[in-house]
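First comes the structure, then the notes that go with it.
Protein chains in written order, with our numbering: chain V, 4 to 567; chain W, 705 to 817.
What follows is the structure, encoded as structure tokens:
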């Protein structure tokens, strides 16, 4: 990269303010090799010439007629547009040197002058320092809010921690719920006003404890404060927002890492507070979340899981279990398909529940790798059963929300099929109803495409989402899977019973079968069958089991078919 | 006409003075030749005579600056001396010092002609 300061094409302008002709000439002669030199004979003339950013340096004689150097220096340093221009004072009075520096002079040159090279070196150094400082100042703060930018914020924290030890500190991360919507609905300028209001109020709200604050990105605010008064501060901030923008119904949420561990890097401390803050995203009941010990243990555990995903895939620590689905329309239940479900047998942590890692991987995108692994295993299994037992059993696999937006989804699914030699009909795709919430039109477009290629689409957890009737009636689907909570509450809850009836009604309208999950007893089967539910899955028949154990169900089915 | 040799004879530290002018002899000599015409010599003397030590100091201080930069050592030293007295507002008989300065200035004027 080109060094801007040493660029020969850039000739900086300097102003020599000196009433004595001889001194002006000597100094000008020294400086003209390196700079464009202009002159002023007194303070008044200099003041007339000064404009923001005009000069890289001013060399100022202190004792002059009309307007003295000291007076001019004071004027320059009090002018917001000029104060960043560095001034070197020239004097033979020793007392004046210290005074000038205190007044804001960057350096001084004594009279008689030093040798030219010394003067040039001093000027060069001051100009460079001043330009560096200006660049630093311009990147130090976020231009919208005036709060520190991320990098400077953390650098200042490091300094504060070095110089002021043994004081308890709290780390806060603030966020505005659904801020993106504010920008979209009311325009960016309104969004900016909100951000500015938060920034302006931070000082007031945390008056007694604030150390420094930053807006590292979008609507996220970082606050480093002393160990007291945080919740009150957050309350005050919320109050101010409600007062200033009553129509926007803004809701702040805060993650707090109290009495932060000073041994870890500031960035990591804020990361912890941010994790706490993220945890209550979309939670309308609480607006403050603490990063506590339990949270820490969970985070460390999660980190471990994330770190181990690749090796788990490589070493086949992920196990694919199968749970049978039975068609109950006839007198005897008939095995019609299975759902592939993942388990994790960790070499050190033991069996890990899917509930512990699936939401985590959905959150960070790793679920794509895991899903793909399950698809491969399930497809191979279908093929193996076909060859070994002479029976074709379609298996359902989960396709996560994030997979749906992967432009390579189709390609990946087709590769799975071609690698295993099974057909689209034999690998059924389960998509949870809530996946439609993000972008229903897009999800419908993708599922329609997959259906046109021969895949069967099942909507999982149906009834638990917030789909509109209009969407449901148009949804491209082959099977509806009833949310297990309805089945569970069938007996004790009239409402669940009615909902199951509604879902079955919808399925009838769409002309697709309903699968009831979580079926555990005979009574549930009877009720569901009575209502027209065709397929059931649940512990009543079997829990999810490894492929070898599952073979028993297929063999029984083959036997039954042979006998018929 | 002024020359480096003549200035050396006057007692000037020409090497330093020239160095300050980045070795440009003609420039150095041209600047030196303007010194006898400096109005501050008369301004200083007149102010002191009128008892206005403050103005006397300002004129002396200006002279000190230029004489120092040109390294006209003997004259510079005398002007430094009088500047210090004037800075402190010392009530004293300035005429001997003023005479010495005047004599040296005339000597320099002669060298410049």
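Think of the CB as a built atom: it goes at the ideal place given N, C-alpha and C, for glycine as much as any other residue.
Given the structure is predicted, the values throughout are model-derived calculations rather than measurements.
Residue i: contacting residues in chain W (beta-carbon distance under 9 Å)
i: residue 116 of chain V; result: 724, 772, 773
i: residue 84 of chain V; result: Here the premise fails: no neighbours, minimum Cβ distance about 31 Å.
Residue i beta carbon near the ligand ZN (any heavy atom closer than 7 Å)
i: residue 384 of chain V; result: As far as ligands go, the structure on display features none, and thus does not contain the ligand ZN.
Assigned secondary structure, residue i (DSSP; H/G/I helix, E/B strand, else coil)
i: residue 121 of chain V; result: helix
i: residue 85 of chain V; result: coil
i: residue 153 of chain V; result: helix
i: residue 408 of chain V; result: coil
i: residue 109 of chain V; result: coil
i: residue 349 of chain V; result: strand
i: residue 292 of chain V; result: strand
i: residue 116 of chain V; result: coil
i: residue 540 of chain V; result: strand
i: residue 298 of chain V; result: helix
i: residue 196 of chain V; result: helix
i: residue 644 of chain V; result: Because chain V here runs from 4 to 567, residue 644 of chain V falls outside it and cannot be looked at.
i: residue 56 of chain V; result: coil
i: residue 165 of chain V; result: helix
i: residue 483 of chain V; result: strand
i: residue 223 of chain V; result: strand
i: residue 747 of chain W; result: helix
i: residue 284 of chain V; result: coil
According to DSSP, residues forming a beta bridge with residue i
i: residue 228 of chain V; result: V/173, V/213
i: residue 61 of chain V; result: V/18, V/90
i: residue 250 of chain V; result: DSSP, once it has assigned bridges, lists no residue as partnering residue 250 of chain V.
i: residue 430 of chain V; result: V/398
i: residue 354 of chain V; result: V/348
i: residue 278 of chain V; result: Partner(s): none; residue 278 of chain V has no beta bridge.
i: residue 39 of chain V; result: V/16
i: residue 593 of chain V; result: Residue 593 of chain V cannot be examined here, being either before or after the span of chain V that is shown, 4 to 567.
i: residue 463 of chain V; result: V/435
i: residue 257 of chain V; result: V/177, V/291
i: residue 549 of chain V; result: V/324
i: residue 519 of chain V; result: V/485, V/539
i: residue 144 of chain V; result: V/151
Same chain, Cβ closer than 7 Å to residue i, neighbours up to 5 away in sequence not counted
i: residue 769 of chain W; result: none
i: residue 345 of chain V; result: 321, 323, 357, 373, 377
i: residue 766 of chain W; result: 744
i: residue 249 of chain V; result: none
i: residue 27 of chain V; result: 19, 21, 42
i: residue 409 of chain V; result: 371
i: residue 147 of chain V; result: 195, 198, 199
i: residue 348 of chain V; result: 320, 322, 354
i: residue 276 of chain V; result: 174, 175, 176, 258, 259, 260, 294
Neighbour list for residue i in chain W, Cβ cutoff strictly below 8 Å
i: residue 95 of chain V; result: 765, 768, 769, 772
i: residue 23 of chain V; result: 766, 769, 770
i: residue 28 of chain V; result: 731, 735
i: residue 269 of chain V; result: Near residue 269 of chain V there are no residues of chain W at all, since even the closest Cβ is about 51 Å away, more than 8 Å.
i: residue 119 of chain V; result: 723, 724, 726
Chain-order list of residues whose beta-carbon lies under 8 Å from that of residue i (same chain, five-residue window excluded)
i: residue 467 of chain V; result: 436, 437, 486, 488
i: residue 262 of chain V; result: 171, 172, 173, 230
i: residue 137 of chain V; result: 87
Interface partners of residue i on chain V, CB under 8 Å
i: residue 794 of chain W; result: The premise fails here: residue 794 of chain W is roughly 17 Å from chain V at the closest Cβ pair, so nothing lies under 8 Å.
i: residue 738 of chain W; result: 24, 25
i: residue 762 of chain W; result: 66
i: residue 710 of chain W; result: What residue 710 of chain W touches in chain V: nothing, since even the nearest Cβ is about 18 Å away.
i: residue 728 of chain W; result: 32
Residues that residue i contacts on chain V, provided the C-beta gap is smaller than 9 Å
i: residue 741 of chain W; result: None at all; the shortest Cβ gap to chain V is about 10 Å.
Own chain residues within Cβ distance below 6 Å of residue i, not counting five before or after
i: residue 282 of chain V; result: 292
i: residue 239 of chain V; result: 208
i: residue 776 of chain W; result: 716
Is there contact between the segment 184–194 of chain V and the segment 120–131 of chain V, where contact requires at least three CB pairs shorter than 8 Å?
no
Taking 8 Å as the threshold, find out whether the segment 37–48 of chain V comes into contact with the segment 101–112 of chain V through three or more Cβ pairs.
no
Answer yes if the segment 374–394 of chain V comes into contact with the segment 441–449 of chain V, meaning at least three C-beta pairs across the two stretches below 8 Å, and no otherwise.
no
If we count Cβ pairs, one from each stretch, closer than 8 Å, do we get three or more for the segment 216–223 of chain V versus the segment 153–161 of chain V?
yes
Is the number of C-beta pairs between the segment 501–510 of chain V and the segment 274–288 of chain V that are closer than 8 Å three or more?
no
Just checking, does the segment 510–527 of chain V make contact with the segment 538–545 of chain V on the three C-beta pairs under 8 Å criterion?
yes
Could you check whether the segment 405–423 of chain V touches the segment 707–724 of chain W, counting it as contact only if at least three pairs of C-beta atoms, one from each stretch, sit closer than 8 Å?
no
Hey, is the segment 71–79 of chain V in contact with the segment 93–106 of chain V, meaning 3+ C-beta pairs nearer than 8 Å?
yes
Would you check if there are 3 or more beta carbon pairs closer than 8 Å linking the segment 78–94 of chain V to the segment 44–60 of chain V?
yes
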